[in-house]
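Written out below as structure tokens is the structure these notes cover.
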Amino acid sequence: MEHIIITKKDRVKPTAEQLFDIYQECIAPGAPVKQILERHGLKPWDLIAIRKKVRTAALAALAHSGKPGRKQQVVAAEQYQKVAQELLEAKDALTAVGHELSLLKKRVS
Numbered sequence: 000m001e002h003i004i005i006t007k008k009d010r011v012k013p014t015a016e017q018l019f020d021i022y023q024e025c026i027a028p029g030a031p032v033k034q035i036l037e038r039h040g041l042k043p044w045d046l047i048a049i050r051k052k053v054r055t056a057a058l059a060a061l062a063h064s065g066k067p068g069r070k071q072q073v074v075a076a077e078q079y080q081k082v083a084q085e086l087l088e089a090k091d092a093l094t095a096v097g098h099e100l101s102l103l104k105k106r107v108s
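Each residue of the sequence shown is one higher than the last, beginning at 0 in numbering that gives the first Met the number 0.
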């Protein structure tokens with residue numbers, strides 16, 4: 000009788016999608032978890048690691064699932080104040096131009 004030795008190197012690593020499928024299969028009510036893991040060549044601690052990764056990824060995705068659009072950026076307070084001042088000056092200039100335009104319209108009328 001010939002014996003085959005399987006080393007860690009010989010073990011095929013499942014893809015992320017396969018691991019997620021195994022996870023979903025294992026969380027089904029009444030699922031035979033031990034048999035599912037054995038069928039895929041996994042151990043109970045592998046499932047624990049998968050659960051941790053799924054939880055971490057889900058929490059990260061939920062934390063970033065705000066409104067669609069541009070991502071928020073962190074900027075220095077000085078830079079923010081500079082841009083806010085420029086915006087205020089631009090608004091004042093626009094208001095002045097609008098006022099001058101209305102005066103010119105009155106003169107033409």
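C-beta atoms are modelled at their ideal positions from N, C-alpha and C, and glycine is treated no differently.
Beta-carbon contacts of H39 that lie in its chain and below 7 angstroms, excluding the five residues immediately before and after: If we look at H39 and ignore the five residues flanking it on each side, its Cβ neighbours are P13 and I21.
CA-to-CA distance, A92 to A83, given in whole angstroms: So the alpha carbons of these two residues sit roughly 14 angstroms apart.
For C25 and L18, the rounded distance between their alpha carbons: If you take the alpha carbons of L18 and C25, they lie about 10 angstroms apart.
Backbone secondary structure at L41 - three-state DSSP: Here L41 sits in coil by DSSP.
Neighbourhood of V53 by C-beta, 8 angstroms cutoff - its chain only, sequence neighbours within 5 removed: Annotation for V53: F19 and Y22 place their beta carbon closer than 8 angstroms to its own, counting only its chain and skipping 5 residues before and after.
Distance between beta carbons of V32 and L41, contact taken as under 8 angstroms: Not a contact, Cβ separation roughly 10 angstroms.
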